[in-house]
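In the UniProt record's numbering, the protein residues as written are 1 to 153.
As structure tokens, then:
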């Protein structure tokens, strides 16, 4: 997975006050936290997603809070999920997850009998313990954020 992330250009924000902040840090202040930016991730990162199931289901974490200072005991991880036409993916969630469809289409169903023809822009919440079936006719790409450690899907 590290090779996947290294293929993306990751940048962090710096402010014009960086020099004064650095000197303040030496006096015992806490340095401000910089955000992370993954340029063109939807195009570049999704070219190299690892296969996770069947012949057609791909998923990769692009970022995680796991090693961050905010809450290492309850990490969140985010990345992309791609399903190509072929075998449906049946997935039992062991964590809560939100997903937005960013390209293509999915047919998403659950054990309650609910079925949605998902398209670009649709947002889903999959609760821990749910069993979800993903199908696609032409292929689909989703961006997810889940309450789990990196690579624990």
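Where a beta carbon is used, it is the ideal one built from N, C-alpha and C, also for glycine.
Euclidean distance between Cα positions of residue i and residue j
i           : j           : result
residue 99  : residue 33  : 26 Å
residue 139 : residue 35  : 32 Å
residue 118 : residue 142 : 10 Å
residue 48  : residue 136 : 20 Å
residue 153 : residue 123 : 19 Å
residue 106 : residue 38  : 25 Å
residue 147 : residue 41  : 21 Å
residue 24  : residue 30  : Residue placement at residue 24 cannot be trusted, given a pLDDT of 40 that sits under 50; what the coordinates show is reported in the next sentence. C-alpha separation (whole angstroms): 8 Å.
residue 53  : residue 89  : 7 Å
residue 120 : residue 97  : 18 Å
residue 150 : residue 83  : 20 Å
residue 77  : residue 46  : 16 Å
residue 114 : residue 81  : 21 Å
Pair within 8 Å by beta-carbon distance, residue i and residue j
i          : j          : result
residue 79 : residue 60 : yes
residue 64 : residue 50 : no
Assumed close pair residue i, residue j - CB separation to whole angstroms, cut-off 8 Å
i           : j           : result
residue 44  : residue 86  : So it is not a contact: roughly 24 Å between Cβ atoms.
residue 102 : residue 108 : Not really, about 14 Å apart at Cβ, beyond 8 Å.
residue 161 : residue 94  : The question about residue 161 has no answer here: the residues shown for the chain are numbered 1 through 153.
residue 91  : residue 134 : 7 Å
Closest residue to residue i among the options (Cα-Cα distance)
i           : options            : result
residue 154 : 126, 131 and 150   : As shown, the chain starts at 1 and ends at 153. That puts residue 154 outside it, with no answer to give.
residue 126 : 63, 53, 145 and 84 : 145
Those runs of the beta strand (DSSP E) which lie wholly inside the region 39-98 and span at least 3 residues: Correct list: 51-53, 57-64, 77-83 and 89-92.
Secondary structure, alpha helix (DSSP H): runs of 4+ residues fully inside the region 114-149: Listed in chain order, there is nothing to give.
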